[in-house]
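Here's the structure we're looking at; comments come further down.
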């Protein structure tokens, strides 16, 4: 006995329909789910804007009816089979119809993209009778999934329709443009604006070459191992050489490793940059999936020593698992994956040997040392570009700051500015300002403040270890 025979659904006014099963029963002429053909595809959650835009483009010519669904539990995926269910009582799983609901998703443009929470399109076109379900749900602790399900009458037109829609969706995902070339990280919560933040788009300030104060030798290594490598990828592809690379930036805290990352992100044409903090390495597989989808890409893991320390110093199996995942992801990508891994550390001597030693994981280590005298003078000019710092004052500051970090120079310039303002000579720096600021920072502040500013007494330099042709 047909489960829908008690109501004339075919002639039921759509306005009076309250439940999804009523709309589906009317649409499919009271056929049961067993009489229909169904197929489903799952996609990464961040692809929802492209999925929806593509579905709208593909389905609009059929003038479909779009319905919203009341998805009570975000961890229970909606399927068309579940929409056919009728039940009553406090534990009812019957899905009711609801207003179509959109959420604004930030994709790094001037305005966010409005994306459906879920939607059910009902399509009638000659021999084609189909329903297309677009939904999202949580899978596991932190993973969100988007899915598209297509149900149709079991005829050739329905099968062709489903194949065409899925082909269009796959092409849209492969050619994804919304996030390509931007600086991204993954997030699982909502921010204060209420906008979903499964992908966070970072709007980093552009960093020009002249604003990166490093030695000529360091800049040459960055040019050769990153920019030149990126420029020659097409030639490397022809010669069947690997298109992925691992680079380690190391040096004391505050020397400019993060600033260098911003410079790389600003100046690698068409590259998508993915920023992974140490506590997000558990999502490494999601990051590498995103990196492959949006390649060419740069995957940045700062403070990699927090997960890459020697195995003998790890506190438990979870840490070792994270390290193994990092190594496997770096080593297991196909050689045609256009992914550049950039790792940073303040303690290169603590990096696990397996991470540093094996080509294909880290191919080049580049030191970002404390600035020499020339770099300190350039930093003074950079940070004090809107101030007047006499030549003798600048020379005095450079001489007194040997071994300090770039962060120390930045803070020094701010204190010079503060003192000039207090003297009512805004931006006009005097020798007395420099003497007072340096006395505070180098003598009166104590060891902890000096360490925070990157000018603590130098510890014994770690032994340099040679692995292959790399130094660590």
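In my numbering, the protein residues as written are 451 to 922.
Glycine is no exception: its CB is placed at the ideal position from the N, C-alpha and C atoms.
>> Mapping the DSSP letters down to three states, classify residue 599 as helix, strand or coil.
In response: Numbered from its first residue, the chain shown carries residue 599 at position 149. Note: residue 599 maps to strand in three-state DSSP.
> In chain order, which beta strand (DSSP E) runs of at least 3 residues are fully inside the stretch 598-680?
Replying inline: Whole beta strand (DSSP E) segments, 3+ residues: 633-636 and 649-652.
> How is the beta strand (DSSP E) around residue 570 delimited, first residue to last?
Replying inline: Taking the chain shown and counting its residues from 1, one reaches residue 570 at position 120. Secondary structure note for residue 570: its beta strand (DSSP E) is the uninterrupted segment 569-575.
>> What does the alpha-carbon distance come out to for the pair residue 469 and residue 739?
In response: If you number the chain shown from 1, residue 469 lands on position 19. If you number the chain shown from 1, residue 739 lands on position 289. Distance between the alpha carbons of residue 469 and residue 739: 37 Å.
> If we ignore side chains and look at the alpha-carbon of each, how far apart do residue 843 and residue 666 end up?
Replying inline: If you number the chain shown from 1, residue 843 lands on position 393. If you number the chain shown from 1, residue 666 lands on position 216. If you take the alpha carbons of residue 843 and residue 666, they lie about 25 Å apart.
> How is the beta strand (DSSP E) around residue 800 delimited, first residue to last?
Replying inline: Position 350 of the chain shown, counted from the start, is the residue given in the question as residue 800. No beta strand (DSSP E) contains residue 800, which DSSP labels as neither H nor E.
>> What residue range does the alpha helix (DSSP H) around residue 751 cover?
In response: Looking up residue 751 in the chain shown gives position 301. Residue 751 -> not in any alpha helix (DSSP H); beta strand (DSSP E) instead, spanning 747-751.
>> Excluding the 5 residues flanking residue 565 on each side, which residues of the same chain have their C-beta closer than 7 Å to its C-beta?
In response: Within the chain shown, the letter at position 115 stands for residue 565. Contacts found: 498, 499, 502, 552, 553 and 555.
> Which term fits residue 689, buried or exposed, when burial requires 16 or more other beta carbons within 10 angstroms of its beta carbon?
Replying inline: Stepping through the chain shown from its first residue, residue 689 is reached at position 239. Per the 10 Å Cβ criterion, exposed.
> Is the Cβ-Cβ distance between residue 747 and residue 816 less than 8 Å?
Replying inline: For this step, residue 747 is matched to residue 297 along the chain shown. For this step, residue 816 is matched to residue 366 along the chain shown. Judged by beta-carbon spacing, residue 816 lies beyond the 8 Å limit of residue 747, meaning their Cβ atoms are not closer than that value.
> Between residue 694 and residue 785, which are expected to be in contact by the criterion C-beta below 8 Å, what is the C-beta distance as a whole number of angstroms?
Replying inline: What you label residue 694 is simply residue 244 of the chain shown in a count that begins at 1. What you label residue 785 is simply residue 335 of the chain shown in a count that begins at 1. Right, their Cβ atoms sit about 7 Å apart.
> If residue 827 and residue 848 are in contact, beta carbons under 8 Å, what's the gap, nearest whole angstrom?
Replying inline: Numbered from its first residue, the chain shown carries residue 827 at position 377. Numbered from its first residue, the chain shown carries residue 848 at position 398. Contact holds; Cβ gap of about 5 Å.
> Of the residues 865, 778, 703 and 669, which one's Cα is nearest the Cα of residue 857?
Replying inline: Residue numbering aside, residue 857 sits at position 407 when the chain shown is read from its first letter. In this structure, 703 is the residue among 865, 778, 703 and 669 with its C-alpha nearest to the C-alpha of residue 857.
>> Quick check: the Cα distance between residue 466 and residue 519, rounded to an integer number of angstroms?
In response: On the chain shown, position 16 is the one that residue 466 refers to. On the chain shown, position 69 is the one that residue 519 refers to. If I take the Cα positions, the gap works out to 15 Å.
>> Is it the case that the stretch 705-725 contacts the stretch 870-882, given that we only count it when at least three CB pairs across the two stretches are under 8 Å?
In response: Proximity of the stretch 870-882 to the stretch 705-725 falls short of the contact definition, fewer than three beta-carbon pairs being nearer than 8 Å.
>> In this structure, how does DSSP classify residue 820 when only helix, strand and coil are distinguished?
In response: Taking the chain shown and counting its residues from 1, one reaches residue 820 at position 370. Of the three classes helix, strand and coil, the one that applies to residue 820 here is coil, per DSSP.
>> What does the alpha-carbon distance come out to for the pair residue 663 and residue 648?
In response: Here residue 663 refers to the residue found at position 213 of the chain shown. Here residue 648 refers to the residue found at position 198 of the chain shown. Computed Cα separation, rounded: 35 Å.
> Taking residue 614 as the reference, which of 508, 737 and 831 has the closest Cα?
Replying inline: Taking the chain shown and counting its residues from 1, one reaches residue 614 at position 164. Nearest in C-alpha terms to residue 614, of all of 508, 737 and 831, is 508.
> Which residues does DSSP pair with residue 792 in a beta bridge?
Replying inline: Position 342 of the chain shown, counted from the first residue, corresponds to residue 792. Paired residue(s): 697 and 750.
> Hey, residue 892 and residue 850: beta-carbon distance below 8 Å or not?
Replying inline: Here residue 892 refers to the residue found at position 442 when the chain shown is read from its first residue. Here residue 850 refers to the residue found at position 400 when the chain shown is read from its first residue. Against a cut-off of 8 Å, the Cβ pair of residue 850 and residue 892 comes out as a contact.
>> Contact defined as beta carbons within less than 8 Å: I believe residue 582 pairs with residue 571. What is the distance between those atoms, to the nearest angstrom?
In response: As a first step, residue 582 must be located in the chain shown, where it is residue number 132. As a first step, residue 571 must be located in the chain shown, where it is residue number 121. Indeed they touch by this definition, with Cβ atoms about 4 Å apart.
>> As an exercise, report each continuous alpha helix (DSSP H) stretch of at least 4 residues that is fully enclosed by the stretch 524-567, in chain order.
In response: Complete alpha helix (DSSP H) runs here, min 4: 530-533.
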